[in-house]
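A.B. asks: Okay, handing you the structure first.
Numbering (the numbering used here), first residue to last: 7 to 123.
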């Protein structure tokens with residue numbers, strides 16, 4: 007079955023960096039685009055970044071452009087989110103996600119990122 011397992015979250019001071027990882031299994035990873043979403047308390051889940059199957063195409067939310075970088079390792083079925091210059095407003099649960107079959111979206115369990123002094 008499809009599994010997405012995130013790791014790398016934690017607490018960091020403003021201006022700091024974190025690198026999230028998402029290990030995928032149960033599908034042909036290299037055939038599918040991958041995304042990172044986040045959900046802050048009291049807010050709706052939002053798309054943070056997306057990367058195409060081959061890794062060439064990348065899209066970012068305006069709020070993270072220039073600070074976050076999405077990447078993938080198709081040999082190891084893993085997608086990453088490098089987060090630099092973190093701000094308190096980046097505090098959220100971050101989810102790895104993919105859309106399979108054109109209509110079924112799968113989610114990981116999420117990893118908490120907290121940015122505070």
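Note that CB positions come from ideal geometry on N, CA and C, so glycine has one too.
Predicted model only: the values in this text are computed from it and were never measured.
1. Per DSSP, what kind of secondary structure is residue 96 in: helix, strand or coil?
2. Hey, out of 98, 96, 102 and 119, whose CA is closest to residue 86's CA?
3. Between which two residues does the beta strand (DSSP E) harbouring residue 65 extend?
4. Alpha carbon to alpha carbon, how far is residue 107 from residue 84? Give it in angstroms, no decimals.
5. Do residue 7 and residue 48 have their beta-carbon atoms positioned less than 7 Å apart in this structure?
6. Tell me residue 16's beta-bridge partners as DSSP assigns them.
7. Considering only their Cβ atoms, is the gap separating residue 99 from residue 19 smaller than 7 Å?
C.D. replies: Let me lay it out:
1. Start at 1 with the first residue of the chain shown, and residue 96 comes out as number 90. Correct three-state label for residue 96: helix.
2. As a first step, residue 86 is located in the chain shown; it is residue number 80 there, counting from the start. Cα-wise, what sits closest to residue 86 is 102.
3. Locating residue 65 in the chain shown gives position 59, where the first residue counts as 1. Under the DSSP assignment, residue 65 falls in the beta strand (DSSP E) whose first and last residues are 64 to 66.
4. Your numbering for residue 84 matches position 78 in the chain shown. Your numbering for residue 107 matches position 101 in the chain shown. Approximately 20 Å, taken between the alpha carbons.
5. Stepping through the chain shown from its first residue, residue 48 is reached at position 42. Stepping through the chain shown from its first residue, residue 7 is reached at position 1. A distance of 7 Å or more separates the beta carbons of residue 48 and residue 7.
6. On the chain shown, residue 16 is found 10 positions in, with the first residue counted as 1. In the DSSP output, where bridge partners are listed per residue, residue 16 has 119.
7. On the chain shown, residue 19 is found 13 positions in, with the first residue counted as 1. On the chain shown, residue 99 is found 93 positions in, with the first residue counted as 1. Cβ atoms of residue 19 and residue 99: not closer than 7 Å.
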